[in-house]
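To start, the structure itself, in structure tokens.
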Amino acid sequence: MAPDETAQPKKAKGGFRAKLGAPAKLTAEDLIRAIQNVNDKGGRAKLGDLVELFGGEKRREFLSRSLTFAFDLGFLTKDGASFVLEQGGKQLLGANEDDRKVALGAKLVTYQPYRDVLLRLRDEKERQLKKKTLTEAWSNIAGGGGRDIRQEMTKTFASLAEYAGLVEDSGMTITLKEEGLRLVETGTERHAPSPQKVVQGAFGLVPPQGPVLTVAFVCPRCGGTDIGILDEELVQSFSVNSGNVVLIKYKLLCRACKENFARLGQQSISGTVGA
């Protein structure tokens, strides 16, 4: 595959192109579609193999940028010129819409440029930042190029982070939501004290004081919210500063209609993961 010049548009001295420090010109839909296209090709494909699946030559740039960011997030790896679907990418594709948002959000908060933006939002008045201010800030956060490409970085961040439930985009401003705040502040628990240690037991992730729901689940059959945990399975963990964000598959029971169902969730852990 030829060098990805769409992901490296800023020409530096000596003829080299400096890679942008944050993605631009892609949406959450583009990102998921690119990962799906790799899956459709048997889990391994070169960029050129995916162009027609993604929408033809006119969308090649968006495909290239989406594949690059999927690689940066760990949904794909690279083997020579080929992109290879990783377990996290398989789990993303196999999840329902709500769980996809959870999985993507857990990844985005570990991506350093986005984490820097989320931390800045946390510290702003009303946890809100004008999009034009963020556009200027990319120069320091990610070494962004000209104004046009920095505007695209802002659009991309807003699209991905809003889809993942981390922020709300009003058009002119971006506001950090409670879920984004909880994820970015590693070690804080909204519904229970943070356990000092989490162990991997026979049935998955078990805090010392027993299983605790840290997100609100809704029964898909009756809409009830009185939900109990039947089982937990640790899917993946991400190191964030001094702690971890752990992605968990919950097996749940609606106490109202007795429906069993499964959902993904996450916890912020200040201690260690492992026995």
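All letters in the sequence shown, in the order written, are residues 0 to 274 by numbering that gives the first Met the number 0. Virtual Cβ for every residue (Gly too), placed ideally from N, Cα, C. In this text the structure is predicted, and so the values were computed from the model without any measurement.
query: Leucine 128 and arginine 119 closer than 8 Å at C-beta; result: yes
query: Backbone CA spacing between leucine 165 and serine 81 [nearest angstrom]; result: 31 Å
query: Paired residues, beta bridge with asparagine 259 - DSSP; result: Leu252
query: Validate contact between the stretch 138-151 and the stretch 167-182 using beta carbons, cut 8 Å, 3 pairs; result: no
query: Simplified DSSP assignment, three categories, for glycine 264; result: strand
query: Other residues of its chain near alanine 141: CB distance less than 8 Å, five sequence neighbours each side excluded; result: Leu19, Gly20, Ala21, Pro112 and Met152
query: contact_flag[the stretch 60-71, the stretch 98-105] where n(CB pairs < 8 Å) is 3 or more; result: no
query: Length of the line joining the Cα atoms of phenylalanine 156 and aspartate 230; result: 34 Å
query: Which residues DSSP lists as bridging arginine 43, in chain order; result: Val83
query: Assigned secondary structure, threonine 109 (DSSP; H/G/I helix, E/B strand, else coil); result: coil
query: Arginine 126 classed as buried or exposed, judged by whether at least 16 other C-beta atoms fall within 10 angstroms; result: buried
query: CB of phenylalanine 74 within 8 Å of CB of leucine 91, strictly; result: yes
query: Exposed unless 16 or more other CB atoms sit within 10 angstroms - verdict on lysine 248; result: buried
query: Which listed residue (Leu252, Gly55 and Gly42) has its alpha carbon closest to that of valine 83; result: Gly42
query: Cα-Cα separation between tyrosine 110 and leucine 52, rounded to whole angstroms; result: 28 Å
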